[in-house]
Amino acid sequence: MSFFKKIGAFLKKEFPTDPKLLRREIRDYILITFFLATYTLGVVAFIVKSEIVGGGVAGIGTLIYYATGIPVAISTFVINGVLLVIGFRVLGKGFGFKTIYAVIMASLFIGMWTAIIREPILKDDPFLSVVVAGLLVGFSIGMAFRYGGSTGGTDIIALIVAKYRNIGPGKVILFCDAIIISSSFFVFYFFKGATVIEAVRVVIYGVMLTFVYTTVVDMVVVGGQASVQIFINSSKYKEIAEMITHEKNRGVTLLQGEKYYSKTETQVLWVVARKYEVQGILRRVRDIDPNAFMSVSNASGVYGKGFENVK
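Quick note: this note's numbering has the sequence shown finishing at residue 304, numbered continuously throughout.
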């Protein structure tokens, strides 16, 4: 298959021909764009301009900006571009077009906000800047995740590492953020002439920022629970099972049951998935069978293929 045919097949997969599904995709892209705009506003107005360094590629871009003067928008675009290429080669079809779109738009928005905002909004209150930035960035990233978007960056690194090593993505992202934030001490001390106390203060603010926005993202996306179990009762259970297996790449268990009142046999699908996948699964089930009966409950621990290993 030629390169252009691969691109065509990829885009056909990402943009369905069914009008209803296409409208939903367009809505998702509009919402992702809006939340990327608010996310980058928080990065520029309350982080970069306030001389605070957070995690992720935006944090690396901020360090490069303070050390060399290269605009954050350019450095983040280049770094994310390299990671996208690597991600495509390693992760293959598991890599979505929305991630590419989000990375490009985030870089454009950072450039736009940098040109518009010349001074930090909360100039003399770095602590409040951390709080506001954490809330705004965390909420925006969380909402973008809910509609299938991603800011790329260290998320891609985490997915690549998780593919070859038994290390959870969260640990990889935390490790990357720790290195980035710790590096801010040396950048501010050696390149900006800050005192040791001032450089340490930058690191502390970076840790606080990471704690706030990751907590907010967790509340928005997963609600503190990593996985859920879904029970689906539908007469179209075969179509739904095929969709979950091949489209959502999740295992399905078919349970044989009996309706107590009518004394008729029924089939129930049992699915375990990550919580951020729930909305996508439920919407697709509704597309197949609007009358399907579904129940979702939190799973405090899920162990096995595709989830955690027993330590």
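For glycine and all other residues, C-beta sits at the position ideal for the given N, C-alpha and C.
- In the structure shown, the three-state DSSP call for Leu115 is coil.
- Pairing Arg20 with Thr26, the inter-Cα distance amounts to about 10 angstroms.
- By alpha-carbon distance to Arg267, the top candidate from Val221, Phe39 and Ile114 is Val221.
- About 19 angstroms separates the beta carbon of Gly52 from that of Ile153, a gap too long to meet the 8 angstroms contact definition.
- Shown here, Ser228 sits in coil according to DSSP, grouped into three states, outside any helix or strand.
- Contact between Leu262 and Ala234 holds, since their C-beta atoms are separated by about 6 angstroms, short of 8 angstroms.
- When secondary structure is reduced to three states using DSSP, Arg139 falls in the helix class.
- A check of alpha carbon separations from Thr207 across Ile237, Leu167, Tyr230 and Phe184 identifies Leu167 as the nearest.
- Under DSSP, the beta-bridge partners assigned to Leu248 are Val261.
- Phe102 is not a Cβ neighbour of Leu24, given a cutoff of 8 angstroms.
- Contact annotation: Thr203 and Asn226 have beta-carbon atoms that are not nearer than 8 angstroms.
- Beta-bridge analysis with DSSP links Gln222 to Val265 and Ser290.
- Across the structure, Val271 and Arg277 are spaced so that their CA atoms are roughly 10 angstroms apart.
- Rounded to whole angstroms, the gap between the alpha carbons of Glu18 and Lys241 is 16 angstroms.
- Around the Cβ of Val75, a 10 Å sphere holds fewer than 16 other Cβ atoms; the residue is exposed.
- The C-beta distance from Ala187 to Phe181 rounds to 4 angstroms, short enough to fall under 8 angstroms.
- Excluding sequence positions up to five before and after Ile237, its CB lies within less than 7 angstroms of the CB of Arg243, Val245, Val264 and Ile274, all in the same chain and listed in chain order.
- Distance from the CA atom of Leu247 to the CA atom of Ser288, rounded to whole angstroms, is 15 angstroms.
- Each of Val205, Phe120, Tyr94 and Ile150 was checked against the Cα of Arg82, and the nearest Cα belongs to Ile150.
- Nearest to Asp282 by C-alpha distance, out of Ile114, Tyr254 and Lys229, is Lys229.
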